[in-house]
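There are 2 protein chains.
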Amino acid sequence: MRGATAPPAVLLEHARGGDRRALGRLLSMVESGGAAADEVASLAHPLAGNAFVVGMTGAPGAGKSTLSGWLTAALGEDGRRVAVLAIDPTSPLSGGAILGDRIRMDGVVSDQVFIRSMATRGHHGGLSLAAPGMLRVFDAAGIDVVVVETVGVGQVEIEVASAADTTVVVVTPGWGDAIQANKAGLLELADVFVVNKADRPGASDARRDLEYMLDLGPAAHDPSRWRAPIVSTTATDGTGIEELAAAIEGHRSWMTEHGELERRRVHRLRDEVRSHAMALFADATDERLASAEGVALLDEVTRRRLTPAAAARTLLRTN
Amino acid sequence: MRGATAPPAVLLEHARGGDRRALGRLLSMVESGGAAADEVASLAHPLAGNAFVVGMTGAPGAGKSTLSGWLTAALGEDGRRVAVLAIDPTSPLSGGAILGDRIRMDGVVSDQVFIRSMATRGHHGGLSLAAPGMLRVFDAAGIDVVVVETVGVGQVEIEVASAADTTVVVVTPGWGDAIQANKAGLLELADVFVVNKADRPGASDARRDLEYMLDLGPAAHDPSRWRAPIVSTTATDGTGIEELAAAIEGHRSWMTEHGELERRRVHRLRDEVRSHAMALFADATDERLASAEGVALLDEVTRRRLTPAAAARTLLRTN
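Note that the protein sequences, when read in sequence, are chains Y and A. Per this note's numbering, the first sequence runs over residues -17 to 301. Per this note's numbering, the second sequence runs over residues -17 to 301.
Structure representation (structure tokens):
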């Protein structure tokens, strides 16, 4: 009962001490948005900047949840605190697929791993605002590594993946056509490739397709650029997990050496400021358009005395 | 030579008199954006508001181009001026698929039909800004009906379709799974459904799937709402085109009677003002973030003295 009314500062203190319920409450506050989210952000931001964020994306059924289960074990071996943020495209009510996978991972995923799922929909300003805010809470709570899972390689997934320090793209045998279709996007996105279900027919073809794509990519002839390694795994029995953890650590070291880690984090904060500004402006614009003055302005447009672009300039000037 | 340097006002005069090259030039000016686009918009906006816009969307290969070819003939029968705006997802350079279809339609599409294709990519502020601007030019030039073709039912297509008075969604036999997956989106989008390739196996299944979906939709038990009719067509030989034209005219009459046409047009202008405002604000924000003051602000964020949300509020206040 005491915890239910505890202010964010107290919750954060408890979360930093390892209190999982306090951490869960802070995450919910950020996810809900509003004044409480702002307060949590103000407390968390100064304490953040230490967690390493691993993004993991791929088609549904590629084995991401199982892989990240193994990965939390591998990355948490030397006592580091590990968490998973699973972006769930299913409804906030069902949450089926991910929970099912988690249960199957029982015994692999340590009780010490904090797992949180969030729905893709229903976030004010979109997932690209909510996800970084939640990562900041994990970070401030003293989590060392956060694995963020997203499904697919669409616009939302790319935005969320760009909130990661290292992005792992998981493909499976038979994914050749999808690789062809997404070449540019995958090259841009992936720091590490995983061919999961490596025991299945077609695994070597998938690997060869990726190698071929990388041979044509910008890193092929420029040794100063990172070339994404390809790791073969079988998530069902954990084969290849040590190699995957090593590939992620390798990318982290490379980024640190080349100043890329800092560059990415600064770029990410800039994008976040921009996204917040756009969301605030969108709200302000909707309010203005609904006001008497806004209605009069729109009336000028529908009476064809003012172009939409000119009306927009008026809105911007007087905002 | 004279035409190449003619100012927009002269071009518009010529376009209204039926000069196709002048119309083409005005459309290019709007598509390119900038000051010339603003000038064209200022001239076109007061003259627009009469053209009826038919949106036509569906999966690649569903037969949209052939259908809209036939449709231009059917809708242009009583001397109305008809144009096609084809939103082409291929590169601005290739333009392959749509041009190929057009050539196959030779003899069906009258020389009087003005056809313009525009690429999906490369528009400042996105297609949702460029497309309404181009429609306004058609409108001001005295075109009576514009058919806008888009491929797919993704976010961009929905935005463009929402610029239409009547939206036709084209499905083909075997499209059952896609119908299932997109139920809500299709119900929201479609004013008229077409089952094309109606001579193929599975056409009656596709039709039944749509009927079933409509039976569960909001119009099923509310006679004040429009229930999208389903028209079966065979685009290759023009079967069903008269029924399709009649269904579109039926929707138009219904909208006019119920005040829906006016409501949609006002809503659309509002959205356009909002999109322009967002694009202007995005530009202004990028400029601000690149300025000395913006760099100093971002530095406060990366030094963790200021949260991204607080920095965004500063940007908004001083914009």
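Glycine included, each C-beta is placed from N, C-alpha and C at the ideal position.
Residue nearest to residue i in terms of C-alpha spacing, selected from the options
i, options, result
"Asn32 (chain A)", "A:Val95, A:Ala44, A:Ser206 and A:Val64", "A:Val64"
"Ala229 (chain A)", "A:Leu57, A:Val(-8) and A:Gly6", "A:Leu57"
"Leu171 (chain A)", "A:Asp181, A:Arg190 and A:Ala143", "A:Ala143"
"Asp70 (chain A)", "A:Ala101, A:Asp121 and A:Val151", "A:Ala101"
"Ala(-3) (chain Y)", "Y:Ser110, Y:Gly40 and Y:Ala122", "Y:Ala122"
"Val124 (chain A)", "A:Thr300, A:Leu251 and A:Pro28", "Looking at the sequence shown, residue 124 (chain A) is not Val but Gly. The candidate whose alpha carbon is nearest that of Gly124 (chain A) is A:Pro28."
"Thr307 (chain Y)", "Y:Ser47, Y:Val95 and Y:Ala112", "The question about residue 307 (chain Y) has no answer here: the residues shown for chain Y are numbered -17 through 301."
"Gly(-1) (chain Y)", "Y:Ala55, Y:Gln94 and Y:Ala44", "Y:Gln94"
"Ala259 (chain Y)", "Y:Glu131, Y:His203, Y:Ser110 and Y:Gly45", "Y:Ser110"
"Arg286 (chain A)", "Y:Pro205, Y:Ala274 and Y:Arg252", "Y:Arg252"
"Ala30 (chain A)", "Y:Phe120, Y:Glu254, Y:Leu297 and Y:Leu288", "Y:Leu288"
"Val133 (chain A)", "A:Arg209, A:Pro211, A:Gly37 and A:Ala202", "A:Gly37"
"Ala266 (chain Y)", "A:Arg256, A:Ala274 and A:Pro211", "A:Arg256"
"Val283 (chain Y)", "A:Arg207, A:Thr218 and A:Arg118", "A:Arg118"
"Gly241 (chain Y)", "Y:Ala261, Y:Ser206, Y:Ala41 and Y:Thr218", "Y:Ser206"
"Phe120 (chain A)", "A:Asp1, A:Val151 and A:Ala274", "A:Asp1"
"Asp219 (chain Y)", "Y:Arg62, Y:Ala261, Y:Gly232 and Y:Leu53", "Y:Leu53"
"Gly232 (chain A)", "A:Val12, A:Ala41, A:Val150 and A:Ala(-12)", "A:Val150"
Neighbourhood of residue i by C-beta, 6 Å cutoff - its chain only, sequence neighbours within 5 removed
i, result
"Met237 (chain A)", "Leu243"
"Lys165 (chain A)", "Met195"
"Arg182 (chain A)", "Pro155"
"Ala185 (chain A)", "Pro155 and Val177"
"Ala113 (chain Y)", "Val142 and Ala145"
"Leu169 (chain A)", "Gly199"
"Leu192 (chain A)", "Phe175 and Ile212"
"Leu75 (chain Y)", "With a pLDDT of 38 at Leu75 (chain Y), under the threshold of 50, the modelled position of that residue is not reliable, and no figure is offered here."
"Pro42 (chain Y)", "Val133"
"Val12 (chain A)", "Ala19, Val22, Gly115, Met116 and Val119"
"Glu254 (chain Y)", "Pro114"
Contacting residues, own chain, Cβ-Cβ under 8 Å from residue i (five flanking each side not counted)
i, result
"Arg98 (chain A)", "Gly6, Leu9, Ala65, Val66, Leu67, Ala68 and Met116"
"Phe34 (chain Y)", "Asp126, Val127, Val128, Asp147, Thr148 and Arg234"
"Val213 (chain Y)", "Val174, Phe175, Val176, Val177, Gly222, Glu225, Leu226 and Ala229"
"Ala188 (chain Y)", "Val153, Thr154, Pro155, Gly156, Trp157, Gly158, Ile161 and Val177"
"Gly82 (chain A)", "Here the model assigns Gly82 (chain A) a pLDDT of 47, short of 50, so the residue's position is not dependable, and the following value carries that caveat. There are no such residues."
"Leu25 (chain Y)", "Pro(-10), Ala(-9), Leu(-6) and Ala122"
"Arg209 (chain A)", "Leu196, Gly199, Ala201 and Ala202"
"Arg250 (chain A)", "Pro114, Ser144 and Ala145"
For residue i: DSSP bridge partner residues
i, result
"Leu67 (chain A)", "A:Arg98 and A:Val130"
"Ser214 (chain Y)", "Y:Val177"
"Phe34 (chain A)", "A:Val127"
"Val150 (chain Y)", "Y:Met38 and Y:Val174"
"Thr328 (chain Y)", "This structure gives no information on residue 328 (chain Y), because the portion of chain Y shown stretches from -17 to 301."
Proximal residues to residue i (C-beta, below 7 Å), its chain only, five neighbours per side dropped
i, result
"Asp197 (chain Y)", "none"
"Ser14 (chain Y)", "none"
"Arg247 (chain A)", "none"
"Ser50 (chain Y)", "Met38, Val66, Val129 and Glu131"
"Leu298 (chain A)", "none"
"Lys179 (chain Y)", "Gly45, Thr154, Pro155, Ala185 and Thr216"
"Thr296 (chain A)", "Leu279"
"Gly40 (chain A)", "Lys46, Val151, Val152 and Val153"
"Arg62 (chain Y)", "Asp126 and Val127"
Proximal chain C residues relative to residue i, where beta-carbon distance stays under 9 Å
i, result
"Leu280 (chain A)", "In the structure shown, chain C does not exist; the protein chains are Y and A."
* Inspect the CB distances between the segment 266 to 285 of chain Y and the segment 270 to 277 of chain A and report whether three or more fall short of 8 Å. => no
* At a Cβ cut of 9 Å, what residues of the segment 18 to 35 of chain A count as close to chain Y, listed as they run along the chain? -> Within the segment 18 to 35 of chain A, the residues whose Cβ lies closer than 9 Å to some Cβ of chain Y are Ala19, Asp20, Ala23, Ser24, Ala26, His27, Pro28, Leu29, Ala30 and Gly31, listed in chain order.
* Asked: Given a limit of 7 Å on CB to CB distance, which residues of the segment 282 to 300 of chain Y reach chain A?
  -> Val283, Thr284, Arg286, Thr289, Pro290, Ala291, Ala293, Ala294, Arg295, Leu297 and Leu298
* **chain Y contacts made by the segment -8 to 14 of chain A, where a contact means CB separation under 9 Å** => none
* **Meets three-Cβ-pair contact criterion under 8 Å: the segment 11 to 26 of chain A and the segment 280 to 293 of chain Y** => yes
* What residues in the segment 222 to 248 of chain Y have a beta carbon less than 8 Å from any beta carbon of chain A? -> Arg247 and Val248
* **Residues of the segment 252 to 264 of chain Y whose Cβ lies closer than 7 Å to any Cβ of chain A, in chain order** => Arg252, Glu254, Val255, Arg256, His258, Ala259, Met260, Leu262, Phe263 and Ala264
* To do: Please name the residues in the segment 121 to 135 of chain A whose beta-carbon is closer than 7 Å to at least one beta-carbon of chain Y, in chain order.
  => none
* With 8 Å as the C-beta to C-beta threshold (strictly closer), list the residues of the segment 192 to 218 of chain A near chain Y in chain order. => none
* Asked: In chain order, what residues of the segment 42 to 58 of chain Y put their CB closer than 9 Å to some CB of chain A?
  -> Listed by position along the chain: nothing, the set is empty.
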